[in-house]
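Residue numbers (the working numbering): 282 to 1056.
Note that CB positions come from ideal geometry on N, CA and C, so glycine has one too.
Predicted model, so just to flag it, every value in this text is computed and none were measured.
What follows is a short report on a single structure.
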């Protein structure tokens, strides 16, 4: 291995600005005119070490060949940050440019980076490549926490707003990508807290710290958002209240990706207003991670994570346990989660196997109706999936998956009313198979995909009456007396093309649903298109038009209770959304602004005309939602230097309004109480001691609509939501493999309501310690 460290010779001026060790390694580079392997997260080049580089004559000659006068100090002042802006073409095209100018040194799809520099190219291009390599290596060496990968990742990640993954700068959509390193620094312990810092996401949590939260994107309802785990549909057909119930803890996440806007032509039905994709990934190294956290209200959390790696396999095993006595009466919870993700390289490609389970019980104070505050719920989830990705030019990725959820809901946790005879029990199965293919050609990239999904429920409440009741394991004198099954089939077609400064993506989803076929032909077509134009090296304009649909949940269709009544005649929701905007991405600064309008029809909501009547599910005639979004981020470690006092500043904002044709006398439980304004502001800075830093998160919300308040006589009346501001803070210190932190959410103890009349937690202190040990 060759090491460079602040060399004193003038001819090595390229390394004078580096304060850390740089390693020259081998990168797998494809000499063909195609993109490198693309996974769900980023373009990556596997890294291997070769001791023969120590005395490699080409490398030694390369060092001597650097002309200091032409490379110059002015050029290398930019070494402190990745300099992808120096290139006007993707990294993977660089080797192809030099094949005709130099020798082809290897029949394999690999070569030494120094060999590239020995080809007959100009000194300027050679310097550019050399600086690019140095920047990537420096950025990689500066990663400190458990998210460090033994691979080189481009600063610009690949995201999945389409069937064909694209780099972020080419996207014609608003996407928020939050990597594990950022998550580890935030004052958060669960996915709902992370999503709450995205302005386009209205995160309405009935229970804190991941107990239960509704994900609402751009003014839609919680049923209109699609939740994905490694690209797999995790939505629960029983109710969207369980969509964020995942078999994985936050600390096992490699990244969280938020797509704002409809995505039915990409992900299928129910990606109505947007999608959230939680990604996991085994590390390419052996690593041991442990975390303990304690806080107010008897809060405890214990997490363990192991990464094991061999030449052809990578394994991620994680488990977590957390509990609390509750911040008010009947808000206690207990949660256990286990998850496994394994990657196996074979001759023709890679298999990815995931398996997980989660078991959670919690007091549900006024969760679904304030008339009965002593509710309780217990959820269990079992998950498994298997995916194969081939190594060929034409990418084909078949996947199978299965999710089973058990839900027990108690209207009375204890001391039930005389008329209350049984709890509600549900067993939900969602299983599917999908195949996605990416076919490159001189005309762009074409994706053809197919998805088949089964959704079945057994219940003593939801569905159609069964001829033969099914006993419930472990429950006496109660059986599944109702049930329902449905199948959904989708065919996807999408084409992506780059023409100079223009990029375009257009596609169709053909969908057939067996339940919708009971009242119609069950067949639908949903087209969409995204287009963008690169106005300059850092500015891109974009416009999109996309259609979407949502199939009613089993709760929408069949629920019958004292305060909520379903409707088995509900139709599917439909919408078409238009959006225009601009994005900017310069050194140390990124931002976007956009305006959108969504025309929805047959929108499903739970409504009523009198506070003392039950909520009823209905199709509203139409709902038009208009919004403006803005996002900005400053990274001072890139603008200034790595040890800058101010690390970064992040801001996002959304304004929305909704016009609906339903009568004004209708009170809405979900759809018509969208956010009018939401502002988020994040700031990370040092604290005058090395490795001691603070991360602040501010959220301001102003919501439309109202919630029901009951007087001492039990009579209800509507109370408008008040705007509020909360501030969260984490102070952390890391020393070698240890990380210590103290944090508080809602540090000013603001009292507010955000969903129904459930009082949200006030100030909540927490503290913990993490260990990250490479083996």
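Under 8 Å by Cβ, that's how I've got residue i and residue j pegged, so tell me the actual separation to the nearest angstrom.
| i | j | result |
| --- | --- | --- |
| residue 583 | residue 602 | 5 Å |
| residue 614 | residue 604 | 7 Å |
| residue 845 | residue 649 | 7 Å |
| residue 880 | residue 856 | 6 Å |
| residue 528 | residue 618 | 6 Å |
| residue 678 | residue 717 | 5 Å |
| residue 473 | residue 494 | 4 Å |
| residue 704 | residue 691 | 5 Å |
| residue 917 | residue 864 | Their Cβ separation, rounded to whole angstroms, is 21 Å, which puts residue 917 and residue 864 out of contact at 8 Å. |
| residue 936 | residue 908 | 6 Å |
| residue 496 | residue 484 | 6 Å |
| residue 567 | residue 590 | 6 Å |
| residue 885 | residue 837 | 6 Å |
| residue 952 | residue 910 | The Cβ separation is near 20 Å, so there is no contact. |
| residue 1003 | residue 1028 | Their Cβ separation, rounded to whole angstroms, is 19 Å, which puts residue 1003 and residue 1028 out of contact at 8 Å. |
Quick one, are the C-beta atoms of residue i and residue j less than 7 Å apart?
| i | j | result |
| --- | --- | --- |
| residue 950 | residue 898 | no |
| residue 978 | residue 478 | yes |
| residue 938 | residue 980 | no |
| residue 516 | residue 507 | yes |
| residue 941 | residue 904 | yes |
| residue 513 | residue 735 | no |
| residue 543 | residue 989 | no |
| residue 1050 | residue 573 | yes |
| residue 872 | residue 810 | no |
Does the beta-carbon of residue i have 16 or more other beta-carbons within 10 angstroms, so that it is buried, or is it exposed?
| i | result |
| --- | --- |
| residue 357 | Note that residue 357 scores a pLDDT of 35, beneath 50, so its modelled location is shaky; the value from the coordinates is reported in the next line. Residue 357 comes out buried. |
| residue 798 | exposed |
| residue 227 | This structure does not reach residue 227, given that the chain is present from 282 up to 1056, and the question cannot be answered. |
| residue 709 | buried |
| residue 830 | buried |
| residue 658 | buried |
| residue 1047 | buried |
| residue 711 | buried |
| residue 399 | A caution first: residue 399 carries a pLDDT of 36, below 50, which makes its placement in the model too unreliable to give a value. |
| residue 790 | buried |
| residue 550 | buried |
| residue 878 | exposed |
| residue 562 | buried |
| residue 700 | exposed |
| residue 1041 | buried |
| residue 522 | buried |
| residue 526 | buried |
| residue 794 | buried |
What are the start and end residues of the alpha helix (DSSP H) that includes residue i?
| i | result |
| --- | --- |
| residue 955 | That residue, residue 955, is in no alpha helix (DSSP H); it is neither H nor E in DSSP. |
| residue 546 | 545-548 |
| residue 1033 | No alpha helix (DSSP H) contains residue 1033, which DSSP labels as neither H nor E. |
| residue 466 | 461-466 |
| residue 918 | 917-920 |
| residue 474 | 472-476 |
| residue 490 | Counting along the chain, residue 490 falls outside any alpha helix (DSSP H), and DSSP gives it neither H nor E. |
| residue 838 | 835-839 |
Taking DSSP's pairing of strands, which residues face residue i in a bridge?
| i | result |
| --- | --- |
| residue 984 | 956 |
| residue 852 | Looking at the DSSP assignment, residue 852 forms no beta bridge with any residue, so it has no partner. |
| residue 708 | 687, 739 |
| residue 908 | 877, 937 |
| residue 541 | 455, 555 |
| residue 771 | 732, 792 |
| residue 679 | 716 |
| residue 999 | 989 |
| residue 961 | 933, 980 |
| residue 761 | 751 |
| residue 1044 | DSSP, once it has assigned bridges, lists no residue as partnering residue 1044. |
| residue 860 | 825, 877 |
For residue i, decide whether its Cβ has a neighbour in chain C, counting only Cβ atoms nearer than 7 Å.
| i | result |
| --- | --- |
| residue 656 | Protein chains in the displayed structure number just one, and chain C is not present. |
Considering just the uninterrupted stretch of the beta strand (DSSP E) at residue i, what are its terminal residues?
| i | result |
| --- | --- |
| residue 590 | 580-590 |
| residue 802 | No beta strand (DSSP E) holds residue 802; DSSP gives it neither H nor E. |
| residue 1014 | 1005-1016 |
| residue 625 | 614-627 |
| residue 631 | 630-645 |
| residue 669 | 656-671 |
| residue 507 | 506-510 |
Give a single yes or no on whether residue i has its beta carbon closer than 6 Å to a heavy atom of the ligand ZN.
| i | result |
| --- | --- |
| residue 1040 | The ligand ZN is absent from the structure shown, which contains no ligand whatsoever. |
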